[in-house]
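K.L.:
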Amino acid sequence: MEAKGVIMANSLKSAQYLIESRLLDAARGDANAYFDLGIAFSTGTGGVDVDLVQAHKWFNLAALGGNIEGQQCRADVSSEMSQGEIAEAQRQARAWLDETARRPAARRFVA
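In terms of UniProt numbering, the sequence shown opens at residue 1 and continues consecutively.
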């Protein structure tokens, strides 16, 4: 039993590291990182809870970055969301873009 707990703890740490590293890549404008975060939040992988507002936000950012799969997944999660939830996801995506555009290191990645 104890070995199983250690494996689960290491797995959770790895999942958290993956999310943190993808967030850093997303802050640099990486559309693939946006997509990966959308997958994590839409499926509850990587140590995060399922959150369709967050998933839509990340898929929307991926789509804006030219990721075709992001466009498709955004449409898929939209079908399970209310208009209010979609509006909130869009607001959060705009806020993310505004915030990352203000970061000096991110400026060179924003068109």
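We put the CB at the ideal spot given by N, CA and C, even for glycine.
Note that this is a predicted model, so its numbers are computed, not measured.
To the nearest whole angstrom, what separates the beta carbons of Leu-52 and Glu-80, a pair I think is in contact under 8 Å?
P.N.:
Contact holds; Cβ gap of about 6 Å.
K.L.:
Restricting to Cα atoms, I'd like to know which of Leu-61, Glu-85 and Ser-78 is closest to Leu-23.
P.N.:
If we check each option's Cα against that of Leu-23, Leu-61 comes out closest.
K.L.:
Would you identify the three-state DSSP class for Val-48, choosing helix, strand or coil?
P.N.:
Looking at Val-48 - three-state DSSP - the assignment turns out to be coil, as it is neither helix nor strand.
K.L.:
At a cut-off of 7 Å, is Glu-69 close to the ligand ADP when judged by its beta-carbon and the heavy atoms of the ligand?
P.N.:
With respect to the ligand ADP, the structure shown offers nothing to examine, as it has no ligands at all.
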